[in-house]
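S.K.: Have a look at this one.
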Amino acid sequence: EAQVTQNPRYLITVTGKKLTVTCSQNMNHEYMSWYRQDPGLGLRQIYYSMNVEVTDKGDVPEGYKVSRKEKRNFPLILESPSPNQTSLYFCASSPRHTLYGYTFGSGTRLTVV
Amino acid sequence: AQRVTQPEKLLSVFKGAPVELKCNYSYSGSPELFWYVQYSRQRLQLLLRHISRESIKGFTADLNKGETSFHLKKPFAQEEDSAMYYCALASGAGSYQLTFGKGTKLSVIP
């Protein structure tokens, strides 16, 4: 089944403890992206990647890192999480041109205390 | 910079009534617009794209460049249409950046 898989689905952590949210797609998509979803703010792009070793900042990149060493994986790294990063995170992928539409993962609900 | 505006946070309609979810955009280039839907506790799904002029689940959307709008419409609402709806604009050199509106929650009253 073609899909985008995120792990974990739920995560509670403490301020300052490094964490990684994994994202993997099995559709050979070039383009991958991370979004955070917050009430009243909709979805905001954190980082995106146009292909292996090519990443760029989205609208809200502060406090996050990403890497794209392989085409299928696009992990989101929080080096020192803070409470304002408590949010619902979505990974998404698409073929080269987003006119085909994104495929989204199921989401990761992160709570930083 | 591009911007997508969905003026209604919540829209409540009765079953069988027409639905119109509003979306306005601001973009200097040629717009590529989408509607995504998120049902309760599920992931976002692509509903429709303006370039394909399709009708999905009875929904249609027409791009009006003069009014910079891409409103989503359905003639007769059904209870299963209750969900969050997001309008999105693709931009960038390869249209690889997707900017979302803040979403409208549609509630269909039985």
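These protein sequence lines map, in sequence, to chains Y and A.
Letter 21 of the first sequence, counting from 1, is numbered 21 in my numbering, and no numbers are missing.
Letter 68 of the second sequence, counting from 1, is numbered 1068 in my numbering, and no numbers are missing.
Even glycine gets a Cβ: it sits at the ideal position worked out from N, Cα and C.
Remember, predicted model here, so these are calculated numbers, not experimental data.
Taking Cβ positions only, does residue 89 of chain Y come closer than 8 Å to chain A?
M.R.: Chain A, which has no Cβ nearer than 8 Å to the Cβ of residue 89 of chain Y, makes this no.
S.K.: Give a yes or no on whether 8 Å exceeds the smallest Cβ distance from residue 1057 of chain A to chain Y.
M.R.: Chain Y contact via Cβ: absent.
S.K.: Determine which residues share a DSSP beta bridge with residue 13 of chain Y and list them.
M.R.: Residue 13 of chain Y pairs with Y:112.
S.K.: Can you tell which of A:1019, A:1008 and A:1064 has its C-alpha closest to the C-alpha of residue 1057 of chain A?
M.R.: Measuring from the Cα of residue 1057 of chain A, the nearest candidate turns out to be A:1019.
S.K.: Can you list, in chain order, the residues of its chain whose CB lies under 6 Å from that of residue 1026 of chain A, leaving out five sequence neighbours each side?
M.R.: Only 1003 meet the Cβ criterion.
S.K.: Going along chain Y in order, which residues have a C-beta closer than 8 Å to the C-beta of residue 1102 of chain A?
M.R.: Chain Y residues near residue 1102 of chain A: 40, 41 and 42.
S.K.: Skipping 5 residues on each side, what residues in its chain have a beta carbon closer than 7 Å to that of residue 50 of chain Y?
M.R.: Only 30 and 31 meet the Cβ criterion.
S.K.: Judging by CA-CA distance, which residue of Y:56, Y:82 and Y:81 is the nearest neighbour of residue 1097 of chain A?
M.R.: It is Y:56.
S.K.: Got a sec? Which residues, its chain only, sit under 6 Å from residue 2 of chain Y by beta carbon, not counting five neighbours each side?
M.R.: Here the set comprises 27.
S.K.: Please check if any C-beta of chain A sits within less than 8 Å of the C-beta of residue 105 of chain Y.
M.R.: It does: the Cβ of residue 105 of chain Y has a partner Cβ on chain A nearer than 8 Å.
S.K.: Could you check which residue in Y:6, Y:71 and Y:43 has the C-alpha nearest to that of residue 58 of chain Y?
M.R.: For the residues Y:6, Y:71 and Y:43, the minimum Cα distance to residue 58 of chain Y belongs to Y:43.
S.K.: Taking 8 Å as the CB-CB cut-off, is residue 1098 of chain A touching chain Y?
M.R.: Taking Cβ atoms only, chain Y reaches closer than 8 Å to residue 1098 of chain A, which makes this a yes.
S.K.: Using a Cβ cut-off of 8 Å (strictly closer), state whether residue 1106 of chain A contacts chain Y.
M.R.: So, not an interface residue.
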